[in-house]
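Quick notes on the structure that follows.
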Amino acid sequence: MLLNTVVNNSGTVEAKGLSERGGEIVLDGGDSGVVSQSGMLLADSDSGRGGKITLEGQNIHLAGGSLISATGETGGGEVYVGGGWQGKDSSIRHASKVVMDKTAVIDVSAKARGQGGTAVLWSDDYTNFRGTILARGGLQGGDGGRVETSSHHNLQAFGDVDASAVKGNAGEWLLDPFDITVVSGSTD
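16 is the number of the first residue of the sequence shown in this note's numbering; add one for each residue after it.
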């Protein structure tokens, strides 16, 4: 009999790179497991590009107050939660459900100069995005990065995205559900 895997992170996991790039962090709950992220995952670089952070599992929860950061002095890093860009990266297992609570933060910004990084929330069935995702270009120059909040079926996007650039072009925010309805109203 196989039991479902549960990965809970409520502390701090830090992966500073030995080179000019941040390190790599993977939280993998397996095909039918749960990943619950309520702490800090840090793959930042003080001298180069941010690192890479990947969360995989059937159900993934980013709790309020949690931080996932892959910032870099010369460019933002990469954060993949539940899948890769448009769900097309076969090396990253797709989640069935992804929930990002209000006050949860993902940051893939460039600090000084360079382009903002890439942040993806992806699921096959249900994504509920209520947090904040930052993919800003560097303060001294660089374009904003790429953010995707998507689901193959049901997407609820109530969160905040900032892919701006002070001295460069703004980045992009991709919302890519099966069908989309835009309504006015409060997010509370």
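For each residue, glycine too, the CB sits at the ideal point set by N, CA and C.
A quick note: this is a predicted structure, and the numbers were derived from the prediction, not measured.
Residue i classed as buried or exposed, judged by whether at least 16 other C-beta atoms fall within 10 angstroms
i	result
His168	exposed
Lys103	exposed
Ile83	buried
Gln101	exposed
Leu29	Here the sequence assigns Glu to residue 29, which means Leu is not the residue at that position. It counts as exposed.
Met16	Low confidence applies here, because Met16 scores a pLDDT of 40, under 50, leaving its location unreliable; read the following figure in that light. Exposed: under 16 other Cβ atoms inside 10 Å.
Minimum C-alpha distance to residue i - residue among the options
i	options	result
Asp140	Pro192, Asp158, Ala78, Gly79	Pro192
Ser179	Val123, Phe144, Gln171	Val123
Ala125	Asp59, Gly45, Ser106, Lys117	Asp59
Asp43	Lys117, Trp100, Arg145, Thr69	Thr69
Ala110	Gly65, Val162, Gly146, Val49	Val49
Ala127	Glu163, Arg108, Gly65	Gly65
Thr164	Trp188, Asn23, Gln52, Ala150	Trp188
Phe173	Val162, Val41, Thr147	Thr147
Through-space distance from residue j to residue i, alpha-carbon basis
i	j	result
His4	Gly97	This structure cannot settle anything about residue 4, because the visible part of the chain is limited to 16 through 203.
Gly37	Gly92	8 Å
Gly131	Gln155	12 Å
Leu190	Asp175	12 Å
Lys31	Val198	42 Å
Ser25	Ala185	33 Å
Ser106	Val181	34 Å
Val21	Ser47	9 Å
Asp158	Thr118	25 Å
Val135	Gly183	22 Å
Gln171	Thr27	28 Å
Leu56	Gly99	18 Å
Val94	Asn74	17 Å
Arg145	Gly90	25 Å
Glu39	Asp61	15 Å
Trp137	Ser166	5 Å
Arg161	Thr133	5 Å
Val241	Ser51	Outside the modelled stretch of the chain, which goes from 16 to 203, sits residue 241, for which no answer is possible.
Asn23	Ala78	11 Å
C-beta contact flag for residue i and residue j at 9 Å
i	j	result
Thr142	Val114	yes
Lys67	Ala85	yes
Gly54	Glu71	no
Glu35	Gly63	yes
Glu88	Gly129	yes
Asp116	Leu149	no
Any non-hydrogen atom of the ligand ATP closer than 8 Å to residue i Cβ
i	result
Gly99	Of the ligands one can find in the structure shown there are none, so the ligand ATP has no counterpart to examine.
Q | Completely contained beta strand (DSSP E) runs for the region 25-113, where each covers 3 or more residues | A | The region 25-113 contains these whole beta strand (DSSP E) runs: 27-29, 39-43, 49-52, 55-57, 67-71, 74-77, 82-84, 93-96.
Q: May I have a chain-ordered list of the beta strand (DSSP E) segments no shorter than 3 residues that lie completely inside the region 155-192?
A: For secondary structure counted as the beta strand (DSSP E) over 3 or more consecutive residues, the region 155-192 holds these complete runs in sequence order: 161-166, 169-172, 175-177, 187-190.
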